[in-house]
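Quick notes on the structure that follows.
Protein chains in written order, with my numbering: chain W, 1 to 446; chain G, 1001 to 1446.
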């Protein structure tokens, strides 16, 4: 935290990666579709990390000195198609960062050609100068790769309240734009990461009825992850031919079922963005309301859900993750209860300690419904953990203690909550609250 | 967590006291009014812990085996006045515990004579049997001390989802009712504590224009503390003559300015209760809309605010506490921002680590205002920490880095946030998020 905010030596969030070195060694879970909560659809094939981007895309990632560590911190992704289509979703925060504001206000979000992303500096709470820096970056890369500035979407992640070191950024843009290649997605991924302990990246093949298309994604996020929409940076590419409206519809629906349903610490970032770009290079058309729209949508849905679960698994300090599913007859209550349980520090520490203390779930349910909802007291709530019912109509009931103690020691734990009535249902994925979360976020003193 | 919930050997929350032994040794801050946020009014005198209860009150606390540790776990407080008045506030949760439901539905809350409180078991999520147990306790103590059951208010605290061991409770009632004495408030206090590291108790003398009255309080609470109203058990006694309506008015206002404005972990308990009882033994009348109503109200306000701040200070694992004050022109935004900052795990870990990372405050502000509020982007928010301004109209500004680093190492840290407009203002007291919070709540495995 500089007294006079400077343009270099920014103490960026990525420094914290050091703390997590041992976790990083563990690497990402394999194969890509590894969670029971995101089964791989039959018509998807995982091509692995080395498969490269879909036709029509190139990417690069370089180190330009935004991160004092010298790690990669600037990435470019470009679509070479003549008529690309795209769709975008951004954070819902009341304090959006400069790159979000510039992207929302000065971009053709339905026809993007270029992503410029950096880590090590969020360019947030930087006022007019931050907006100027963002616009300057947009102009510089447009010149470097020969597109219009409004075809460039921006993504930044890192510490809030620091200015972008513009000399470094401009040098990085020149460097990265000379290294663009179809196999550059791994370098691009490295350049957008901050406290991530492992890569969140996929290269898939999707079998449609009219042919085969590719789907790739690069994603970062490990903290400041909240259930209200996006949570991070996520860039998705396909060589399918999608109209901009179809791309927008599918991205919107899939984001709601993935990034909108996960939480690490209930904190909404200033910088979140999810971008879908379509090169059309395969010639395979995904027409509105066709069977292939459904099949492509299923693939995108599976991809984003698995990425969202990986973000939760990589939540800062996370040792165990969970899904809470809430059913009942009143949609707002179901939603409020799911988020209250997922963000409860008491539930999250119990998850961490493999403590089957379901009284804390009762407490979180009550806190969410307090003073609202159509429910008489005592609340007739049912609670099951990993299929073992522990609470029936608000009453403690006998259960197999040994089986429950074993179940909550798993890497993924399932909570089911049923409120009175039926018709409404939702789910939230969440991580635990561990000593490492505190270490990462408290012991790092600027 | 018993497979078949049993009536003995309840693994109660108070076991966790052991973890906090070293903090306990530190004892409560002295004198009682020690925070800059709750200055002692001129007309109050602190009589110290040994002064005993106001005339007309007796109390006792015993160990009856609800806590496996053998620590005190059942307390009785009785008003011997012929015409006592009283007022009560309870948790706003959607899953209230049996003692709350029975007290709300079957008590003369404006004319209470007896408090029966226990720790070690919350009697929550215990259904019909829990309600029967609560009613049985109420009947037993009514017989033992010679009052009507509806003159007995109940308070329970401890683990959720366990039944009260009724044999122990009945034995404890007999034992405690034979030990009632005016100096029994210390024993009573011990009997209602769970993870509390120090006593939250006061004996005050209040100078009114018509005479001097006494005011005492016993309070417990260290976790599951939320900003939505009460947060714990708090029992207040006075020998002033108050009408029941005056008592209700004053308790309501003072609770809103104290227990309603503090948070440890944003978790709303199933069992919270605040009870004011007036014996009238002093003969000094506090008449409605009199100067003495104001003076008595000021004293009650100071008492409850200091108790609320002590609860935050004793928040599970708390090493540092803070007050966030938010000003602006839109009351719902001001409220949402204050609570979002106070409950943000990123702000709370920064407070713990004495990290002046105010970017996290920007993030919390944005998260609270996202998608709502009347504010254009970028948000023109001002932020000061301990009077040092770090953010002006949403922009990072130069500040004295050394002074700020020193300021955030204090035991009490002050955050000021100003949104556009004026006329609305609120405050929330909160604790940090430390390793000890995780230890207390995760490493304790049933």
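Each residue gets a CB set at the ideal place from its N, CA and C atoms; glycine is no exception.
Exposure of residue i, with buried meaning 16 or more beta-carbon neighbours within 10 Å
i, result
"residue 1296 of chain G", "buried"
"residue 83 of chain W", "exposed"
"residue 283 of chain W", "exposed"
"residue 122 of chain W", "buried"
"residue 178 of chain W", "exposed"
"residue 140 of chain W", "buried"
"residue 1230 of chain G", "Confidence is the limiting factor: at residue 1230 of chain G the pLDDT is only 33, short of 50, which leaves the residue's position unreliable, though a coordinate-based value still follows. Residue 1230 of chain G is buried by the Cβ-count criterion."
"residue 1402 of chain G", "exposed"
"residue 54 of chain W", "buried"
"residue 1189 of chain G", "buried"
"residue 1441 of chain G", "buried"
"residue 31 of chain W", "exposed"
"residue 1400 of chain G", "exposed"
"residue 1036 of chain G", "exposed"
"residue 167 of chain W", "exposed"
"residue 1151 of chain G", "buried"
"residue 310 of chain W", "buried"
"residue 287 of chain W", "exposed"
"residue 1211 of chain G", "exposed"
"residue 1042 of chain G", "exposed"
"residue 143 of chain W", "exposed"
"residue 50 of chain W", "exposed"
"residue 376 of chain W", "exposed"
"residue 319 of chain W", "buried"
"residue 99 of chain W", "buried"
"residue 378 of chain W", "buried"
"residue 1120 of chain G", "buried"
"residue 1072 of chain G", "buried"
"residue 1374 of chain G", "exposed"
Integer Cβ distance of residue i from residue j, believed to fall under 8 angstroms
i, j, result
"residue 75 of chain W", "residue 176 of chain W", "7 angstroms"
"residue 1235 of chain G", "residue 1115 of chain G", "6 angstroms"
"residue 192 of chain W", "residue 238 of chain W", "Contact doesn't hold; Cβ gap of about 19 angstroms is too wide."
Cβ-heavy atom distance, residue i to the ligand FMN, below 7 angstroms
i, result
"residue 1339 of chain G", "Annotation note on the ligand FMN: not contained in the displayed structure, which lists no ligands."
Which whole runs of the alpha helix (DSSP H) in the segment 1352 to 1396 of chain G are 4 residues long or more, in chain order? If we require 4 residues or more, the alpha helix (DSSP H) runs fully inside the segment 1352 to 1396 of chain G come out as 1359 to 1369.
Minimum length 4: unbroken alpha helix (DSSP H) runs contained in the segment 1203 to 1275 of chain G: Assignment of alpha helix (DSSP H) within the segment 1203 to 1275 of chain G, counting only whole runs of 4 or more residues, yields 1244 to 1256 in chain order.
Can at least three beta-carbon pairs, one atom from the segment 1369 to 1388 of chain G and one from the segment 1397 to 1411 of chain G, be found at a separation below 8 angstroms? Enough Cβ pairs lie closer than 8 angstroms, so yes.
Against chain G, which members of the segment 45 to 67 of chain W pass a CB distance test of less than 8 angstroms? So nothing in the stretch comes that close.
Uninterrupted beta strand (DSSP E) stretches inside the segment 1123 to 1175 of chain G (no shorter than 3 residues): For the segment 1123 to 1175 of chain G, whole beta strand (DSSP E) runs of length 3 or above, ordered along the chain, are 1152 to 1157.
Does the contact criterion of 3 or more C-beta pairs under 8 angstroms hold for the segment 1303 to 1315 of chain G versus the segment 1387 to 1404 of chain G? Segments in contact, no.
Length-filtered (4 minimum) alpha helix (DSSP H) runs lying within the segment 289 to 344 of chain W: Complete alpha helix (DSSP H) runs here, min 4: 291 to 313 and 331 to 343.
Going residue by residue through the segment 88 to 115 of chain W, where are the continuous alpha helix (DSSP H) segments of at least 4 residues, counting only ones entirely within it? Those alpha helix (DSSP H) runs which fall completely within the segment 88 to 115 of chain W and span 4+ residues are 98 to 106.
Can you confirm whether the segment 1323 to 1338 of chain G touches the segment 1417 to 1425 of chain G when touching is taken to mean that 3 or more C-beta pairs between the two stretches lie within less than 8 angstroms? When C-beta atoms of the segment 1417 to 1425 of chain G are compared with those of the segment 1323 to 1338 of chain G, three or more pairs fall below 8 angstroms, so the two segments count as touching.
Evaluate contact between the segment 206 to 215 of chain W and the segment 79 to 95 of chain W, counting only Cβ atoms and requiring at least three cross-stretch pairs below 8 angstroms. Touching, no, given that fewer than three Cβ pairs across the two stretches are closer than 8 angstroms.
For the segment 1125 to 1140 of chain G and the segment 1180 to 1189 of chain G, state whether three or more C-beta atom pairs, one from each stretch, are separated by less than 8 angstroms. No, because fewer than three Cβ pairs between the segment 1125 to 1140 of chain G and the segment 1180 to 1189 of chain G fall closer than 8 angstroms, the two stretches do not touch.
Can you confirm whether the segment 1054 to 1063 of chain G touches the segment 1267 to 1282 of chain G when touching is taken to mean that 3 or more C-beta pairs between the two stretches lie within less than 8 angstroms? Taking 8 angstroms as the limit for Cβ pairs, the verdict is that the segment 1054 to 1063 of chain G does touch the segment 1267 to 1282 of chain G.
Do the segment 1101 to 1116 of chain G and the segment 350 to 367 of chain W touch if we need at least three Cβ pairs shorter than 8 angstroms? Flag = no, the segment 1101 to 1116 of chain G and the segment 350 to 367 of chain W do not touch.
What are the residues in the segment 254 to 275 of chain W lying within 8 angstroms of chain G by C-beta distance? Cβ contacts with chain G come from 265, 266, 267, 268, 269 and 270.
At a Cβ cut of 9 angstroms, what residues of the segment 384 to 401 of chain W count as close to chain G, listed as they run along the chain? Look at the segment 384 to 401 of chain W: the residues with a C-beta under 9 angstroms from a C-beta of chain G are 390, 391, 392, 393, 394, 395, 396, 397, 398, 399, 400 and 401.
Any C-beta of chain W within less than 7 angstroms: which residues of the segment 1101 to 1132 of chain G qualify? Hits within the stretch, in order: 1101, 1124, 1125, 1126 and 1127.
Counting only runs of 4+ residues fully inside the segment 392 to 422 of chain W, write out the alpha helix (DSSP H) ranges in chain order. Correct list: 401 to 407.
Below 8 angstroms, can you find three or more Cβ-Cβ pairs linking the segment 1332 to 1344 of chain G to the segment 1234 to 1252 of chain G? Verdict: no, contact absent.
Do three or more CB pairs link the segment 1266 to 1277 of chain G to the segment 1314 to 1324 of chain G at distances below 8 angstroms? In short, these stretches do not touch, since the Cβ pair count stays below three.
The segment 1064 to 1097 of chain G: which residues have C-beta closer than 8 angstroms to a C-beta of chain W, in chain order? Using a CB distance below 8 angstroms, the part of the segment 1064 to 1097 of chain G facing chain W consists of 1091, 1092, 1093, 1094, 1095 and 1096, ordered along the chain.
Closer than 8 angstroms, Cβ to Cβ, to anything on chain G: give me those residues from the segment 360 to 383 of chain W, in chain order. Those residues of the segment 360 to 383 of chain W that come within reach of chain G (Cβ to Cβ, closer than 8 angstroms) are 360, 362, 363, 364, 365, 366, 367, 368, 369, 370, 371, 372, 373, 375, 377, 378, 379 and 381.
If we require 3 or more residues per run, which beta strand (DSSP E) segments fall completely within the segment 49 to 94 of chain W? Entirely contained in the segment 49 to 94 of chain W, the beta strand (DSSP E) runs reaching 3 residues are, in chain order, 57 to 62, 74 to 79 and 85 to 90.
Check whether the segment 1158 to 1167 of chain G touches the segment 1036 to 1045 of chain G, counting contact only when three or more Cβ pairs, one atom from each stretch, lie closer than 8 angstroms. Under the three-pair Cβ rule at 8 angstroms, the segment 1158 to 1167 of chain G does not count as touching the segment 1036 to 1045 of chain G.
Could you please tell me which residues of the segment 419 to 439 of chain W, in chain order, have their CB closer than 7 angstroms to any CB of chain G? Residues 433, 434, 435 and 438.
To be precise: take each residue of the segment 155 to 168 of chain W, compare its Cβ to all Cβ atoms of chain G, and keep it if any distance is under 8 angstroms. Which residues remain? Using a CB distance below 8 angstroms, the part of the segment 155 to 168 of chain W facing chain G consists of 159, 160, 161, 162 and 163, ordered along the chain.
When you check each C-beta in the segment 324 to 348 of chain W against every C-beta of chain G, which residues fall closer than 7 angstroms? Cβ contacts with chain G: 344, 345 and 346.
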